[in-house]
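Going by full-length UniProt numbering, the sequence shown opens with residue 1, and the numbers climb by one from there.
What follows is a short report on a single structure.
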Amino acid sequence: MTALKYLGGYPPALLDKVRQLIDRDELGDYLQKRHPGRHEIQSDKALYAYTNALRQEHLRNAPGIDRVWYDSKLDVISKALGLHTAISHVHGGRLKARKEIRIASLFRDTPPEFLQMIVVHELAHLKEAEHNKAFYQLCEYMQPDYHQQEFDLRLYLTWRDLQARSSA
1 MTALKYLGGY
11 PPALLDKVRQ
21 LIDRDELGDY
31 LQKRHPGRHE
41 IQSDKALYAY
51 TNALRQEHLR
61 NAPGIDRVWY
71 DSKLDVISKA
81 LGLHTAISHV
91 HGGRLKARKE
101 IRIASLFRDT
111 PPEFLQMIVV
121 HELAHLKEAE
131 HNKAFYQLCE
141 YMQPDYHQQE
151 FDLRLYLTWR
161 DLQARSSA
């Protein structure tokens, strides 16, 4: 039986369908049909502009973001696909805070929906710190199919792990 470490908590019937796709070696084809393209946001500068545009569109009253970048140190191994941080430091006699968002480098080569999902997730943390009902409602507001994209991303991560194991 295939371990589905990214899909814990989903109904057994759904997991059985995923296992069937894996057993028939069709998971990659399924993902390719659902998400055929790749985004063109490759630089940190473009990622910052993209993230800030989403923030402006959906969260005008949220604090500004000082820095957004692809971080090669983030990966699913560390259980982080993205991080938001607020760094405070003393500058002269004042306390300054910087809001930063890091996105795992693996998102450079994913479909645009996956990049949007992870950016939306991190932006939602500007308003809601916890993963609660309000947090997920905010994610759905910014990306109406957020939950489906999160599930598809989890399928992609599963497929990615299977590819790495078969090539090793």
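Heads up, the beta-carbon is just placed ideally off N, CA and C, and yes, glycines get one too.
Pairing H125 with H131, the inter-Cα distance amounts to about 8 angstroms. The three-state secondary structure of D25, taken from DSSP, is coil.
Distance from the Cα of L7 is smallest, within the candidate group Y156, L47, Q116 and A53, for Y156. Looking at S43, S166, L115 and P111, the one whose alpha-carbon comes closest to that of K33 is P111. Within the model, the alpha-carbon separation for D66 versus R24 is close to 46 angstroms.
The C-beta of V90 has fewer than 16 other C-beta atoms within 10 Å across all chains shown, which makes the residue exposed.
For Y70, no alpha helix (DSSP H) run applies; the uninterrupted beta strand (DSSP E) run containing it begins and ends at R67 to D71, by DSSP.
From the listed residues K127, S72, W69 and G64, the smallest Cα separation to R98 is found for G64. The stretch 136-155 makes contact with the stretch 116-125; the number of CB pairs closer than 8 angstroms reaches 3 or more. DSSP places L155 inside the alpha helix (DSSP H), whose first and last residues are Y146 to S167. Shortest Cα-Cα distance from V119 to any of K73, A49 and S166 involves A49. Looking at Y146, R108, S166 and T158, the one whose alpha-carbon comes closest to that of E40 is R108. Membership of Y141 in the alpha helix (DSSP H) is indicated by the continuous run K133 to M142. Going by C-alpha positions, Q143 is about 14 angstroms away from Q56.
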